[in-house]
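Scroll down for the structure; my scribbles are underneath it.
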Amino acid sequence: MTSARRTHLVFSVGDPAGVGPFVSVAAARAIRERADVTLVGDAAQLTALLGADAASIALVDVGRLSRGAIEAHAPTDEGGHAQLVALDHANDIVTRGDADALVTAPVSKASISRAGVAFIGQTEHLARRVGLADDDVTMMFLGPRLRVALVTTHLAIRRVPDEITASRALRTIRHLGEALVRLDAPPGARLVVAGLNPHAGEENLFGDEETRVLAPAIALASAEPPFASGRLTLVGPAPAETAFREAAEGRATGVVAMMHDQATIASKLLDWGQAVNVTWGLPILRTSVDHGVGYDAARSGQIDPSGMIAAAELALRLSVRT
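Here it is in structure tokens:
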């Protein structure tokens with residue numbers, strides 16, 4: 087009798103001067119009894135962190151870093167190049183089909199940009215690397231109290247209203263609906279679309295994006311599965327404060343947010359350390375932490391790996407369902 091193949095997770099360990107290598111090692115240790123794990127980064131740094139566990143966790147070396155780059159606990163050109171090489175290499179392993187999911191530690195956008203690469207975020211970079219447009223994928227933060235998806239991501243606030251279109255809202259609603267079904271949301275669970283403006287525009291008194299853009303997208307999505315069948319219930323546009331309060335109280339299973347901080351402030355208040363950043367729409371499964379590089383934490387040694395462990399756990403959970 088042939089034994090079932092074990093799930094294989096690949097970690098890119100992020101900024102070598104931040105918490106990424108530390109939380110990646112902790113998550114690898116937490117998941118290794120249930121999945122094969124490969125860490126992609128500076129093998130010398132990772133071997134030192136793993137200690138006796140180095141023999142049981144696979145490493146892919148993308149080049150040895152100087153001690154200065156590791157101990158800088160700040161953006162450096164060398165660190166920026168290293169973390170991007172690790173991200174691309176780890177992504178390629180999964181894209182080739184040699185692993186089931188990509189789990190990414192936090193990277194420094196400033197550090198990668200200093201290395202001469204135009205980079206606004208891992209979500210957009212991974213989409214472009216496999217030939218997709220930014221609009222083809224959705225950034226989500228999936229936690230125990232709030233599951234939120236973003237219509238726009240890394241943009242200056244002044245650009246956000248012009249970038250919220252019916253097609254982007256529809257894509258986000260569809261993707262979050264798919265994610266909620268994959269995560270076994272109860273039948274009829276409510277997905278709430280948050281408005282952009284105060285009080286969802288107050289009948290266009292404070293803006294018309296809700297009636298001009300969001301309402302048509304909601305109408306289109308309502309006619310599609312899983313909403314048309316009643317598997318999920320779609321409502322909105324609702325005032326953002328109402329949508330997130332309902333999520334906090336357990337009356338909304340998912341929220342579609344209009345912009346980055348509208349989503350992340352709520353997510354980090356409700357699910358700090360437990361929310362997982364997921365990129366939906368890629369040809370691969372990718373999860374990540376909901377926090378940044380943590381230079382101060384790396385310097386002090388006071389590092390909490392719970393976010394990376396949560397990302398690995400969700401990758402494992404979604405992988406075995408594909």
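Using the numbering used here, you'd call the opening residue of the sequence shown number 87 and step up by one each time.
Where a beta carbon is used, it is the ideal one built from N, C-alpha and C, also for glycine.
Distance from the CA of residue 304 to the CA of residue 172, rounded to the nearest whole angstrom, comes to 39 Å. Rounded to whole angstroms, the Cβ separation of residue 101 and residue 379 is 4 Å, and the two are in contact under 8 Å. If you look at residue 258, you'll find it isn't in any beta strand (DSSP E); it sits in the alpha helix (DSSP H) that goes 252-268. Unbroken alpha helix (DSSP H) runs of no fewer than 4 residues, entirely contained in the region 192-247, are found at 195-200 and 208-215, following chain order. Collapsing the DSSP output to three states places residue 297 in a helix. Between residue 266 and residue 277, the C-beta gap is smaller than 9 Å, which places the two residues in contact.
If you look at residue 98, you'll find it in the beta strand (DSSP E) that goes 94-98.
The C-beta separation of residue 198 from residue 240 comes to about 13 Å, leaving the pair out of contact by the 8 Å criterion. Assignment of residue 323 by DSSP, reduced to helix, strand and coil, places it in the strand class. Under the three-state reduction of DSSP output, residue 372 falls in the strand class. For residue 363, the enclosing beta strand (DSSP E) has its first and last residue at 362-366. For residue 111, the enclosing alpha helix (DSSP H) covers residues 106-117. Taking C-alpha positions only, residue 341 is separated from residue 389 by approximately 30 Å.
A direct Cα-Cα distance of roughly 22 Å separates residue 354 from residue 403. Under the three-state reduction of DSSP output, residue 189 falls in the strand class. The C-alpha of residue 230 is placed about 11 Å away from the C-alpha of residue 396.
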